[in-house]
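Adding 522 to a residue's 1-based position in the sequence shown gives its number in this note's numbering.
Using N, Cα and C, we set each Cβ at its ideal position, and we do this for glycine too.
I have placed the structure first, in the form of structure tokens, so that the comments after it can refer back to it.
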Amino acid sequence: MTWPNIDDPIMLTLPALSSQQLDYTPSNNWHANNCEFYIDAITGQIYSHGSAYRHSLDFSIWIDLESLVYKQHGEVLAVAICFFEQERPVVTLGIDNKIHVVISESLAYPPGGSSSLTAGFAFFLDIRRSSGLIERLWLTNGAKSFDIESDLTQFRSIESSHGVHTNYTVLETSPLFHQKKACPRQEAHHSRAISGSE
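See below:
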């Protein structure tokens, strides 16, 4: 999928698919080209039993707190994943540096009750600078968004499969880890809970 124009105003006012509504509107969109954050690990869980099905993903995000918070006196406000569905973007906010999202679900009851996220997706990190300016940094697959099939499904490695449950990891050969491979890791202040300046 072609990456949406980050200058589009909708990219600053994305609706959240959770009760965690954002109480601010970023002033600018930028690409995260300076190792501000990257995908550190991905695990998936599949539950399948009869007509019931659920496929979820957990993303661990590394955030460069050393530069963004401790040196520049900024504050990390939010980290999220955004699926560019046709009707509207669908955003799931992370908790601390973890993002959990259900990408496909079929309910045993009521019949036909199902949902799925099939569009391209990207990640964003909201930062409040020391000046008070809030900026949104986007992590994408170059000039386009990531794709569930070509960037994730094809790189699955099954860890365990017991009856109706299957757990897997995503291999670091996936394009989702390109940023991680390109960035030197700073262990002094490892990413942890989203926090203000300290």
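Inset, instruction - Taking residue 672 as part of the beta strand (DSSP E), name the residues at either end of that continuous run. - result: Here residue 672 is taken as the residue at index 150 of the sequence shown, counted from 1. Not the beta strand (DSSP E): residue 672 falls in the alpha helix (DSSP H), residues 670-673.
Legend entry - Proximity below 9 angstroms, CB of residue 629 to CB of residue 647: For the purposes of this step, residue 629 is taken as the residue at position 107 of the sequence shown. For the purposes of this step, residue 647 is taken as the residue at position 125 of the sequence shown. Not in contact: residue 629 and residue 647 (Cβ atoms no closer than 9 angstroms).
Legend entry - Euclidean distance between Cα positions of residue 651 and residue 670: Taking the sequence shown and counting its residues from 1, one reaches residue 651 at position 129. Taking the sequence shown and counting its residues from 1, one reaches residue 670 at position 148. If I take the Cα positions, the gap works out to 32 angstroms.
Inset, instruction - For the region 560-577 and the region 694-706, state whether three or more C-beta atom pairs, one from each stretch, are separated by less than 8 angstroms. - result: yes
Legend entry - Span of the alpha helix (DSSP H), counted from its first residue to its last, around residue 702: Here the question's residue 702 lines up with position 180 in the sequence shown. Start and end: 700-704.
Inset, instruction - Grab me the residues of residue 622's own chain with a C-beta within less than 6 angstroms of its C-beta, minus the 5 sequence neighbours each way, in chain order. - result: As a first step, residue 622 must be located in the sequence shown, where it is residue number 100. The residues are 580.
Legend entry - Cut-off 8 angstroms between Cβ atoms - residues of its own chain near residue 558, not counting five sequence neighbours on either side: Indexing the sequence shown from 1 puts residue 558 at position 36. Excluding residues within five positions, the ones whose Cβ falls inside 8 angstroms are 585, 586, 589, 590, 647, 649 and 659.
Inset, instruction - For residue 539, name the three-state secondary structure that DSSP assigns. - result: Along the sequence shown, one-based indexing puts residue 539 at 17. Residue placement at residue 539 cannot be trusted, given a pLDDT of 44 that sits under 50; the coordinates are not used to answer.
Inset, instruction - Output the distance between the C-alpha atoms of residue 571 and residue 582, rounded to the nearest integer angstrom. - result: Looking up residue 571 in the sequence shown gives position 49. Looking up residue 582 in the sequence shown gives position 60. Looking at the two C-alpha atoms, the distance is approximately 28 angstroms.
Inset, instruction - Just the C-alpha distance for residue 663 and residue 644, rounded to the nearest angstrom, thanks. - result: In the sequence shown, the residue the question calls residue 663 occupies position 141. In the sequence shown, the residue the question calls residue 644 occupies position 122. About 8 angstroms.
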